[in-house]
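So, in structure tokens, the structure goes:
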């Protein structure tokens, strides 16, 4: 992580990647435990982590210290309930679950206009730290103070003990019996003391996350997906039905080579096209390539179907004649076709299907398990043939259930656009595109009901009141403000060589071009990585673990430091 300090570049270890730097102090703790601030800082119109400056009701605390009515909402993590308590200015007092705060508590606040404070709350990692005290917003669940100290790379830490109304500290130089800070919990604001920083010299290149364009001369036409090929190359699939191979190690920015060209079979109306490609788990031996695309119904050219097919690659080229149709699903409308084919760590094929389209799920497909629409399927294609193109795994969650399609692995999804397995944990992540207000990030589990169209995010959709019983709420969500409108599910970065993305789930919004990341294990608050002008269709990973962004306008970029 790169931090600017008085014109120099100051670099700290990767331990800070799980934390949000929110302020700084130039002095030290005095005898009375006072903290001296280093001049005014800004709160910007977005989320900011601050340390509450006093005890009291939320209204009084947030109206004081220069905040003066600019705060729209405030949230505090309740470690006991494993949930956020919230206060919203526009809501009646009875509807707010956060009635009061204590001095030193970490609060997430949303402001509607810039606010300049004389106190040290700040939600930007561009603040210089140098030596001295730094205010940190802790994002992990309860951690022993010694482990927290090691994670930070700090020399000592101090947190506010609300019960004792005093600061508690952890300093390895003092006897254990005198250390009053034992655990640092998620949502807490702690002061950490850092020793001398490492200063990058003028001839050294600092590490900072950035996007590097690749394949600039390839002339890509609506690229939709990128993935690792068997020998270190990557494939890029185009919406129209062309799949191409590129050797990035050879800096191949030309035309590459054609892996598959079946453009005559792909329909391109509305949200249709070639939507996803995946190599079979035994690709090196069989050459099996699986594609998911939209086309016309063979028996009625006015009806549309989503089709999962297998092609056979021989000598880096798949012939159109090798197509084996694995599965077809009728599409009542031209949108919400889903769009991801992935193989799980156990070798089963997973396919994400939308609810059939239009708006609001008029057919109720999201909650109807007698249809494959609005679901993520899990099938066995290891012995696919014309007579039997797939099998239902016997451990699928609805095997034997009455009036339920046994291919269904999870349901209650509106339009799962991109999903990916965590290569370390095996967890399946999916982005689900919302209707009017909320975009979702979900962790998919066997038999899970993700709520659509009863819910959009955590809110009732089809009626003013509804039950969330039996549904799995998203692990992350965001609204449609600021140009957001359609989530693009991403990937978990493991071993990419980019320290600031290590062990984080990366995702984006197609409309706004924003790219975020969140810690894959402990979640916490998402971190905005980039504001871009890209139309992000997907994220991809090459054989070395590098992460790529694929934009429908023809651009492909790689995360680098």
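Residue numbers (our numbering): 539 to 1099.
Glycine residues also receive a C-beta, built at the ideal position from the N, C-alpha and C atoms.
Selection 918, 981 and 752 evaluated against residue 1085 yields 752 as nearest (Cα-Cα). Scanning 1025, 730, 914 and 593 for the CA closest to the CA of residue 891 turns up 914.
The alpha-carbon separation between residue 848 and residue 829 amounts to approximately 6 angstroms. Apart from the 5 residues on each side of it in sequence, residue 1092 sits with its Cβ closer than 8 angstroms to the Cβ of 757, 758, 759, 760 and 761 in its chain, given in chain order. Boundaries of the beta strand (DSSP E) around residue 850: 838–852. Put simply, of 871, 1008 and 980 the residue whose alpha carbon is nearest the alpha carbon of residue 995 is 980. When DSSP reads this structure, residue 1026 sits in a beta bridge with 1046.
9 angstroms or more divides the Cβ of residue 779 from the Cβ of residue 807. With respect to residue 834, residue 805 sits close: the two C-beta atoms are nearer than 9 angstroms.
By the criterion of at least three beta-carbon pairs nearer than 8 angstroms, the stretch 931–944 is not in contact with the stretch 997–1007. Setting aside the 5 residues that flank it on each side, residue 882 is surrounded in the same chain by 888, 916, 959, 964 and 966, each with a C-beta closer than 8 angstroms to its C-beta; the list follows chain order. For residue 1020, the CB contacts under 7 angstroms within the same chain, skipping 5 residues up- and downstream, are 1050 in chain order.
Between the alpha carbons of residue 746 and residue 708 lies a gap of roughly 31 angstroms.
Here the alpha carbons of residue 696 and residue 645 stand approximately 17 angstroms from one another. With a minimum length of 4 residues, there is no unbroken run of alpha helix (DSSP H) contained wholly in the stretch 904–938.
Short of 7 angstroms from the beta carbon of residue 920, and not among the five residues preceding or following it, lie these beta carbons of its own chain, in chain order: 885.
The beta-carbon separation of residue 875 and residue 810, rounded to 6 angstroms, stays under the 8 angstroms limit for a contact.
Distance from the Cα of residue 991 is smallest, within the candidate group 796, 893, 918 and 597, for 893. Assignment of beta strand (DSSP E) within the stretch 784–809, counting only whole runs of 3 or more residues, yields 795–799 in chain order.
For residue 824, there is no enclosing beta strand (DSSP E); the residue is found in the alpha helix (DSSP H) stretching over 821–824.
Ranking 1053, 720, 862 and 770 by CA distance to the CA of residue 788 puts 770 first.
Excluding sequence positions up to five before and after residue 901, its CB lies within less than 7 angstroms of the CB of 870 and 894, all in the same chain and listed in chain order. In the three-state reduction of the DSSP assignment, residue 1057 falls in the strand class. As the crow flies, the alpha-carbon of residue 1081 is around 24 angstroms from that of residue 831. C-alpha of residue 1088 to C-alpha of residue 748: approximately 15 angstroms in a straight line.
The beta-carbon separation of residue 773 and residue 797, rounded to 6 angstroms, stays under the 8 angstroms limit for a contact. Contact check for residue 1076 and residue 956: beta-carbon distance about 5 angstroms, within the 8 angstroms limit, so the pair qualifies. Setting aside the 5 residues that flank it on each side, residue 750 is surrounded in the same chain by 1095, 1096 and 1098, each with a C-beta closer than 7 angstroms to its C-beta; the list follows chain order.
For residue 755, the number of other beta carbons within 10 angstroms of its own is below 16, and it is reported as exposed. Here the stretch 1039–1056 lies against the stretch 1010–1028, with 3 or more beta-carbon pairs under 8 angstroms apart.
Separation of residue 768 and residue 803 (C-alpha to C-alpha, rounded to the nearest whole angstrom) is 26 angstroms.
Here residue 1025 is buried: its Cβ has 16 or more other Cβ atoms, across all protein chains shown, within 10 Å.
DSSP, reduced to helix, strand and coil, places residue 1036 outside both helices and strands of the structure shown, so it counts as coil. A residue is called buried when at least 16 other Cβ atoms come within 10 angstroms of its Cβ; residue 909 meets this threshold and is buried.
Residue 783 and residue 795 have their alpha carbons spaced roughly 5 angstroms apart.
Annotation: the continuous beta strand (DSSP E) that includes residue 1014 extends over 1014–1017.
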